[in-house]
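Residue numbers (my numbering): 30 to 126.
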């Protein structure tokens, strides 16, 4: 079951990495909508590191699977969702101008 999910995760990650990179690059425009530069820069940083997190966690999950560390593989497979949750929470708490 884990191997099948890792294969599915690989396919989804290959599709999601360019989209996440585009999302991260376009989030730079959000810095003009608030006076809180630190918050806007943190938001951009979170979104720009999402493609890197997807790639690193995917490689780490396959490595953990090869080393028979199933719990680590499961954790690494779902870890990039933390970036998405942080980004959505930051969008929900966006400071007004």
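Ideal Cβ positions, reconstructed from N, Cα and C, are used throughout, including at glycine.
The Cβ-Cβ distance between residue 57 and residue 73 falls below 8 Å. About 6 Å separates the beta carbon of residue 38 from that of residue 87, a gap short enough to meet the 8 Å contact definition. A distance below 6 Å between beta-carbons, with the five flanking residues on each side excluded, links residue 46 to the following residues of its chain, in chain order: 80, 83. Take the alpha-carbon of residue 63 and the one of residue 69: they are about 7 Å apart. Scanning its chain for C-beta atoms nearer than 8 Å, with the 5 sequence neighbours on each side dropped, one finds around residue 54 the residues 77, in chain order.
Every alpha helix (DSSP H) of 4 residues or more that sits fully in the stretch 33 to 109 is shown, in chain order, as 66 to 95, 99 to 107. When DSSP states are grouped into helix, strand and coil, residue 119 belongs to the helix group. Across the structure, residue 124 and residue 65 are spaced so that their CA atoms are roughly 7 Å apart.
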